[in-house]
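Residue numbers (the working numbering), protein chains in the order written: chain P, 243 to 359; chain X, 143 to 258. Glycine included, every Cβ here is placed at the ideal spot set by N, Cα and C. Every value quoted in this text rests on a predicted model; they were computed, and no experiment measured them.
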């Protein structure tokens, strides 16, 4: 089974600064998808960004971008120009591209991001 | 934007009782899921459902749990004989797969289950 590791339980960033959240994963598959989800205090799961493993180009969504290193099995999230509303729990997730997995998401334990004024 | 709707948002039940958590997935999605998040812990996969049957389930999803799509729109999770450790946030999700351009996953807002 694939495992997703987020080695930073907590991170802190000052407003307007940049922060990078780490994620590594373990898989023997060559085709898969990776995601970052944001969970604010409301506990809703909000998709931040996603990456297809077969694409070499790193995904970007406004202030959010990823550094996808397939050989290193690393998928970090960079948040630029941090805002107070970015404070939340961030989960990295893996999903197999094959149908035999039922397309289930496998989550890391999360990183709690604190944004200070 | 289409949403996954979950009801109720919060349910309190007595230990040993049965609960049914309800979800309305996005209408053109084909896969449906239930996930669980115990407070302060990571989100855990319970079960996926496709073509009116379970396609995958985790070790957590034992005989205490069952899922059903009774009427073509609702997707339910039934927990029989609830235990204190079943207290958690339960998320429903749906996705449309089969196309590389559309592998999106949409979560509902969750049902907070408290077993007392």
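In this structure, residue 324(P) places its C-beta atom within 8 Å of the C-beta atom of residue 257(P). Among the residues facing chain P, residue 251(X) is included, as its CB has a counterpart in that chain under 8 Å away.
Not flagged as an interface residue toward chain X: residue 304(P), since no C-beta distance is shorter than 8 Å. Identification of residues in the region 163-186 of chain X having a C-beta nearer than 8 Å to some C-beta of chain P yields 173, 175, 177, 179, 183, 184, 185 and 186, given in sequence order. Using a CB distance cut-off of 8 Å, residue 236(X) does not count as an interface residue toward chain P.
Here the alpha carbon of residue 258(X) sits roughly 42 Å from the alpha carbon of residue 270(P).
Put simply, the CB of residue 340(P) is far from chain X, with every gap to its CB atoms at 8 Å or more. Contact between residue 265(P) and residue 350(P) holds, with the beta-carbon distance rounding to 6 Å and staying under 8 Å. Taking the beta carbon of residue 233(X) as reference, the chain P residues within 8 Å of it are 287, listed in sequence order. Our two residues, residue 274(P) and residue 212(X), have alpha carbons roughly 32 Å apart in a direct line. Counting along the chain, no beta strand (DSSP E) covers residue 211(X), and no H or E run does either. For residue 347(P), the beta-bridge partners assigned by DSSP are 337(P). Not flagged as an interface residue toward chain P: residue 143(X), since no C-beta distance is shorter than 8 Å. Contact annotation for residue 352(P) against chain X: 183, 184 and 185 [CB-CB distance below 9 Å, chain order]. Of all residues in the region 191-204 of chain X, only 191, 192, 196, 197, 198, 199 and 200 come within less than 9 Å of chain P when Cβ atoms are compared, listed by chain position.
If only complete runs of 3 or more residues are kept, the region 269-330 of chain P shows the beta strand (DSSP E) at 274-281, 288-294, 306-311 and 316-321, in order along the chain. The Cβ-Cβ distance between residue 267(P) and residue 333(P) does not fall below 8 Å. The C-alpha of residue 300(P) is placed about 31 Å away from the C-alpha of residue 200(X).
For residue 217(X), the closest alpha carbon among the candidates 180(X), 232(X) and 223(X) is that of 232(X).
Exclusion of the five residues before and after residue 185(X) leaves 177 and 179 as the residues of its chain whose Cβ lies within less than 6 Å of its Cβ. The C-beta of residue 300(P) comes no closer than 8 Å to any C-beta of chain X. Here residue 296(P) has 273 as same chain residues with Cβ atoms under 7 Å from its own Cβ, once five neighbours each way along the sequence are excluded. The Cβ atoms of residue 354(P) and residue 251(P) sit closer than 8 Å to each other.
Residue state for residue 227(X) is assigned as helix, using DSSP reduced to three classes.
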